[in-house]
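Residue numbers (the working numbering): 2 to 448.
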């Protein structure tokens, strides 16, 4: 038991959970464990908004003092609805503070020889205690202006995280396309090309189907002008990036570019468009997908504070969580071959995703320290990424509802719509830039 104890309570970079990661590098294991902390906090947040939990959460001082309604607003909003959302705000506040603390501590760590590196790669038990302590303290924060101020922190952080998600998806699509093309050329097996073609057509089919459904369910003949503009504009932009990706000059400068990447970005853009439209406070332009499929009443309180019931989850939140889980796992184990993505994400090419376990002096198998000369990723940037992810989780689980301090209600808001739409436009522009940049700056390395 020496190895687990030194890993949990000391600085030894050993393996957790036996040999589940016996062939992994120390840097990969560290990222996976920190990602596990984030996923654990996400799971707790999900539990807090499950039906039935409000009975226990109402006992927290200052939330709902012994009643089913918020004191002073008994006829305006049911506290059973709001208490879960307020708990999610505090849980995600604790996770954000936890990762921001480590982002500040780990600034400019160059190698595992730095005195701060053992803090990054060990002492997991004490880190867990710190997270629990911050969480407990967060639940004693008085309401006041906290929900409103933290909402805007969540909006800004989520906007940045959506862009990071898009960057990771672009990187994943490039890696996917490169790997399958190389397999097809090396093995002279056309099945790899058939697979690329099939997934490309599938992505475009889903994106086009989404556009049709958007026009049918999220627009009205004499209303929903914003939605019509959003859908049409993003459709045009997706067509543009698809055409540009296969232009001869682009193919000459970027041989790895193709329709697979453009199709995946187009599909993700349609998801962000749908997510934005579901936050429109105009209920005529924002039918609940869950109510259509399951006949569940998912009405929400209006902006004037009248009585209502806010759904605790919806379809777009589930999709958002699934994409979040994929991007978090990918960010933890990725080893990109794209130079520009590595520079942006502060990682090193070909490092942090493999390696051989080493046997220590005590005969225990340990993770290999692959950062003695240079870290394979920026500790500080990685923690800041998880910090933004915590804010994104908060906004996703609360459906981007804006807390109203005067009525203690939660309602959809147009700022959330514009944040998501602007992030989709900026993301499309970013992908277009990756295509045309080698032509504009031919002397720079865009390998």
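Just so it is clear, CB atoms sit at the ideal spot from N, CA and C, and this is done for glycine as well.
Quick caveat, the model's predicted, so the values are computed rather than measured.
Query	Result
Residue 183 classed as buried or exposed, judged by whether at least 16 other C-beta atoms fall within 10 angstroms	exposed
Sufficient close CB pairs (3 or more, under 8 Å) joining the region 90 to 110 to the region 162 to 170	no
At least three beta-carbon pairs within less than 8 Å, the region 226 to 233 to the region 270 to 280	yes
Straight-line Cα distance separating residue 27 from residue 122	7 Å
Residues sharing a beta bridge with residue 221, DSSP	224
Of the residues 90, 47, 242, the one placed nearest residue 144, counting alpha carbons only	90
Same chain, Cβ closer than 8 Å to residue 191, five either side skipped, listed in chain order	185
From 393, 422, 445, 415, residue whose alpha carbon lies closest to that of residue 39	393
Length of the line joining the Cα atoms of residue 415 and residue 282	7 Å
Beta-carbon gap between residue 164 and residue 428 smaller than 8 Å	yes
CA nearest to the CA of residue 425, picked from 181, 51, 237	237
Span of the alpha helix (DSSP H) around residue 253	249 to 254
For residue 136 and residue 404, believed in contact at Cβ under 8 Å, the rounded distance	With 8 Å as the limit, residue 404 and residue 136 do not qualify as a contact, their Cβ atoms being about 20 Å apart.
Whole-Å CB distance - residue 158 paired with residue 92, under 8 Å assumed	Not confirmed; about 15 Å, so no contact.
Proximity winner among 216, 440, 217, 221, relative to residue 451 (alpha-carbon distances)	Not covered by the structure: residue 451. The range shown for the chain is 2 to 448.
Proximity of residue 208 and residue 239 at Cβ, strictly below 8 Å	yes
Local Cβ density within 10 Å of residue 439, reported as buried at 16 or more and exposed below that	buried
Same chain, Cβ closer than 7 Å to residue 331, neighbours up to 5 away in sequence not counted	169, 173
Supposed close pair residue 251, residue 258 - CB separation, criterion 8 Å	6 Å
Alpha carbon of residue 204 to alpha carbon of residue 269, nearest angstrom	9 Å
Contact check, residue 328 vs residue 101, beta carbons under 8 Å	no
Residue 85 classed as buried or exposed, judged by whether at least 16 other C-beta atoms fall within 10 angstroms	buried
Boundaries (first-last residue) of the alpha helix (DSSP H) holding residue 257	From DSSP, residue 257 is part of no alpha helix (DSSP H); its letter is neither H nor E.
Cβ-Cβ separation, residue 422 to residue 215 (assumed contact under 8 Å), whole Å	Not confirmed; about 13 Å, so no contact.
Reference residue 272; option with closest CA among 382, 261, 246, 325	325
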